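Peer 1: Numbering (this note's numbering), first residue to last: 99 to 167.
The C-beta atom is built at its ideal place from N, Cα and C for all residues, glycine as well.
No experiment lies behind these values; they were computed from the predicted model shown.
#1: What span of residues does the alpha helix (DSSP H) with residue 127 cover, start to end?
#2: According to DSSP, is residue 142 part of a helix, a strand, or is it coil?
#3: Find out if the Cβ-Cβ distance for the pair residue 137, residue 154 is shorter than 8 Å.
#4: Could you pull out every residue in the same chain whose Cβ sits closer than 6 Å to the Cβ of residue 110, ignoring the five residues on either side in sequence?
Following this line, the structure appears as structure tokens:
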């Protein structure tokens, strides 16, 4: 038997509802807002806003509307 194969229990892992956002929607919303603020300001510590070191790309990207031919 290959020792690198995960046990079957690991394959059936299910996140608790509290981590999926069902039970704590307001907390999830606060965390998303805080993350957006950190990305926009370019920093998480107190001080003047900074430029980000890399181009910020949101995922998933907004779909591009294509013209019909």
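Peer 2: Reading off the structure:
#1: Your numbering for residue 127 matches position 29 in the chain shown. 123-139 is the span of the alpha helix (DSSP H), which, as asked, contains residue 127.
#2: On the chain shown, position 44 is the one that residue 142 refers to. Residue 142 falls in the coil class under three-state DSSP.
#3: Position 39 of the chain shown, counting from 1, holds the residue named residue 137. Position 56 of the chain shown, counting from 1, holds the residue named residue 154. Contact flag set, yes.
#4: Translated into positions along the chain shown, residue 110 becomes position 12. The predicted model places residue 110 with a pLDDT of 46, which falls under 50 and marks its position as unreliable, so this point remains unresolved.
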